[in-house]
Structures are given as C-alpha cells and as structure tokens.
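Worksheet: the structure to be examined is printed underneath.
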Amino acid sequence: DYKKAVKWYHAAAEQGNARAQSNLGGMYYFGHGVEHDYKEALKWFLKAAEQGYLAAQNNLVVRYENGQGVEQDYKEAVKWYRAAAEQGNADAQYNLGSMYAIGRGVEQNYEDMVKWYRVAAEQGYARAQTSLGDMYVNGQGVEQNFEEAVKLYRAAAEQGYEDAKNALIRMGAE
Numbered sequence: 282d283y284k285k286a287v288k289w290y291h292a293a294a295e296q297g298n299a300r301a302q303s304n305l306g307g308m309y310y311f312g313h314g315v316e317h318d319y320k321e322a323l324k325w326f327l328k329a330a331e332q333g334y335l336a337a338q339n340n341l342v343v344r345y346e347n348g349q350g351v352e353q354d355y356k357e358a359v360k361w362y363r364a365a366a367e368q369g370n371a372d373a374q375y376n377l378g379s380m381y382a383i384g385r386g387v388e389q390n391y392e393d394m395v396k397w398y399r400v401a402a403e404q405g406y407a408r409a410q411t412s413l414g415d416m417y418v419n420g421q422g423v424e425q426n427f428e429e430a431v432k433l434y435r436a437a438a439e440q441g442y443e444d445a446k447n448a449l450i451r452m453g454a455e
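Just so we're aligned: the sequence shown equals residues 282 to 455 in our numbering.
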C-alpha cells in the first residue's frame with residue numbers, strides 16, 4: 282500500500298530519519314503513492330544524502346550523471362560519488378576513478394583514477410581490479426607492470442568476472 286508507506290515515510294522523514302527521507306524521495310521519483318514529482322524527490326534525496334546516507338548519495342549520482350529528473354551535472358555527480366567513496370563504497374570508488382579517467386566533472390587525472398581504482402580493488406571489487414590491471418598493462422598512472430596486472434586480473438577472474446578472464450587469455454596467463 283504505497284499511500285500508507287508515503288504517510289509513514291513522510292512522518293519519519295520530517296523527524297530527520299535519513300532512510301525514510303531517501304525512501305520518500307524514491308516514492309516521489311517513481312510516483313508510488315504520490316504523483317511523480319522530481320523536485321520533491323530531489324529535496325528528500327538531498328536531505329538524506331547530506332546526512333551521509335549512502336543509498337541517497339547513490340540516487341543523487343544516478344540522477345545527476347544521467348540527467349534523470351534533474352539537469353545533467355557531472356560536477357554534482359562527482360561530489361556525491363566522492364561522498365559515497367569516502368564512506369568506503371567500492372562501487373562509488375570505482376566510478377569516481379572512472380570520472381577521473383575520462384575527465385567527466387573533474388579534470389582528467391590518472392593519478393587520482395589509480396588511487397580510487399586501487400581503493401576499490403583492495404576491497405575485492407572485481408571491476409576495479411580489472412581496470413587497475415589494465416592501467417598496469419598500459420602504464421597509465423602507474424609504471425607498466427605485467428606481473429601486477431596478471432595478479433589483479435586473477436583476483437577478479439576468481440570472482441567470475443569475465444573481462445578479467447578475457448584479459449588473462451589475451452596475456453597468455455590463464
């Protein structure tokens with residue numbers, strides 16, 4: 282019953298509950314129990330994100346990076362990727378690294394790209410392990426080191442990550 286959920290989320294959100302604020306933002310965003318209202322959704326996502334609520338920060342990233350319900354704003358997306366990354370979210374760490382890799386919302390910077398890929402890779406994030414392995418193969422932001430690349434690819438491949446398995450095959454290290 283979306284209407285009841287909105288009622289309870291709204292009550293908790295008004296009391297400052299970040300999870301309720303984020304959930305209420307979702308209700309407005311998708312029009313569950315209320316009419317679609319992107320402005321109201323953004324208001325509640327922001328309230329929760331500013332309290333450090335990771336799900337809301339991720340919601341804001343998606344909205345700003347893809348222009349969903351708000352004007353596309355890569356700098357704002359980077360701001361919320363960074364907030365989530367600094368809380369230890371490996372997906373956000375990887376994505377922040379990717380923003381540095383392509384210079385979207387920030388100046389292109391391989392050193393910062395490698396930094397964030399490494400932090401995510403150290404948490405066992407297969408996609409980051411593979412991308413960092415690519416950096417070692419290409420010598421981007423790090424000194425070229427095929428042994429380190431193979432080590433990273435193997436770690437990701439052991440998790441079943443296909444891109445890493447393919448990289449090992451290309452290197453003849455499967």
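For each residue, glycine too, the CB sits at the ideal point set by N, CA and C.
From a predicted model like this one, the values you see are computed outputs, not experimental measurements.
query, result
"So the alpha helix (DSSP H) Glu-346 belongs to, where does it begin and stop?", "335-347"
"In the segment 283-321, which residue ranges form an unbroken alpha helix (DSSP H) of at least 4 residues, counting only runs that do not cross its ends?", "283-295 and 299-311"
"How would you write the range of the alpha helix (DSSP H) that Val-400 sits in, first residue to last?", "391-403"
"Nearest to Gln-353 by alpha carbon, out of Tyr-345, Val-359 and Lys-360?", "Tyr-345"
"The alpha helix (DSSP H) spanning Tyr-434 covers which residue range?", "427-438"
"Which term fits Tyr-239, buried or exposed, when burial requires 16 or more other beta carbons within 10 angstroms of its beta carbon?", "The chain is shown only over 282 to 455; residue 239 falls outside these bounds and no answer can be derived."
"Alpha carbon to alpha carbon, what distance is there between Asn-376 and Lys-328?", "23 Å"
"Within a Cβ cutoff of 6 Å, which residues of the same chain sit near Ala-409, ignoring the five residues on either side of it in sequence?", "Tyr-375, Tyr-398, Ala-401 and Ala-402"
"So, with DSSP's three-state summary, where would you put Ala-454?", "coil"
"In or out: Arg-451 buried (at least 16 other Cβ within 10 Å) or exposed?", "exposed"
"Mapping the DSSP letters down to three states, classify Tyr-442 as helix, strand or coil.", "coil"
"What number of angstroms, rounded off, separates the C-alpha of Lys-446 from the C-alpha of Phe-427?", "15 Å"
"Leaving out the 5 sequence neighbours to the left and right, which residues in its chain are closer than 6 Å to Gln-332 when beta-carbon positions are compared?", "Ala-299"
"Please classify Gln-389 as buried or exposed, where buried requires at least 16 neighbouring CB atoms within 10 angstroms.", "exposed"
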